[in-house]
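Student: Mapping of the sequence shown onto the numbering used here: position 36 corresponds to residue 36, and the numbering continues sequentially without gaps. C-beta atoms are modelled at their ideal positions from N, C-alpha and C, and glycine is treated no differently. Dropping the structure in here first, questions after.
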Amino acid sequence: MTNFLDANREALETAPMGLFGLVTEEGQVARPGIIFCLRQLGRVGEGSLNPLAPYFLVYVRATGEVRYAYAQARQTLELYRALCANKAQEQQVLHDHFDRLTGNGATLPKREDQVTEDTQFELVTWLVILYPDKHILDS
């Protein structure tokens, strides 16, 4: 990950907030849901349980269940890697399906409210986990 960050630092630092990705839950690695990357606004307290502070990763399943909270950053990063590694190209059929489901993002469920309620966080990015292609076309 460090090599990727070093090689892409400028692109990452100049990218606008709110970029997101879509993946399928291939191989039963994860269930449909969203992995949020949030940034805490203001001062971060000492002795935080979060090794990524001021950034927080939270995996919320489509059912609303928080599968991994901020204290489980390692598990969330491992899941992220399993879902995204070696996926250099986007899957257009997945994006088309997502756009149909959400009216081009207009009706995207506001799950970030569940993880940012009554706190000072900014939504940086998110990864939407959908069913594999074979099921996408059936819905």
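What first and last residue would you give for the beta strand (DSSP E) that runs through Thr-57?
Tutor: Sequence index remark: in the sequence shown, residue 57 carries index 57 (1-based). Sequence check: residue 57 is Leu here, not Thr. Residues 55–61.
Student: Using 10 angstroms around the beta-carbon of His-95, count the other beta-carbons present and answer buried if the total reaches 16, otherwise exposed.
Tutor: As a working mapping, residue 95 is identified with position 95 in the sequence shown. By the neighbour-count rule (16 or more Cβ atoms within 10 Å), His-95 is not buried but exposed.
Student: Determine the DSSP secondary structure at Glu-13, reduced to helix, strand or coil.
Tutor: Looking up residue 13 in the sequence shown gives position 13. Glu-13: helix per DSSP, three-state reduction.
Student: Kindly identify the DSSP beta-bridge partner or partners of Thr-76.
Tutor: Residue mapping note: residue 76 aligns to position 76 of the sequence shown, counting from 1. In DSSP, Thr-76 forms no bridge with anything.
Student: Do Arg-39 and Glu-122 have their C-beta atoms closer together than 8 Å?
Tutor: Here residue 39 is taken as the residue at index 39 of the sequence shown, counted from 1. Here residue 122 is taken as the residue at index 122 of the sequence shown, counted from 1. Result yes, Cβ atoms of Arg-39 and Glu-122 sit closer than 8 Å.
Student: Looking at the strands, I want to know which residues DSSP matches up with Tyr-68.
Tutor: Here residue 68 refers to the residue found at position 68 when the sequence shown is read from its first residue. Answer is Tyr-59.
Student: Using C-beta distances below 6 Å, list every residue in its chain close to Ile-34, excluding the 5 sequence neighbours before and after it, in chain order.
Tutor: Residue mapping note: residue 34 aligns to position 34 of the sequence shown, counting from 1. The residues are Val-60, Arg-111, Trp-126, Val-128.
Student: If you check the beta carbons only, do Leu-57 and Leu-83 fall under 8 Å apart?
Tutor: In the sequence shown, counting from the first residue as 1, residue 57 sits at position 57. In the sequence shown, counting from the first residue as 1, residue 83 sits at position 83. It is not a contact, given that the beta carbons lie outside the stated cut-off.
Student: Along the alpha helix (DSSP H) that carries Arg-100, what are the first and last residues, could you check?
Tutor: The count along the sequence shown starts at 1 and reaches residue 100 at position 100. Taken as a continuous stretch (DSSP letters only), the alpha helix (DSSP H) holding Arg-100 covers 92–102.
Student: Return yes when the Cβ of Ala-30 is within less than 8 Å of the Cβ of Leu-79, no when it is not.
Tutor: Here residue 79 corresponds to residue number 79 of the sequence shown, with the count starting at 1. Here residue 30 corresponds to residue number 30 of the sequence shown, with the count starting at 1. For Leu-79 and Ala-30, yes; Cβs fall inside 8 Å.
Student: Whole angstroms are fine: how far does the CA of Tyr-131 sit from the CA of Ala-7?
Tutor: Walking along the sequence shown from the start, residue 7 turns up at place 7. Walking along the sequence shown from the start, residue 131 turns up at place 131. Going from the Cα of Ala-7 to the Cα of Tyr-131 covers about 31 Å.
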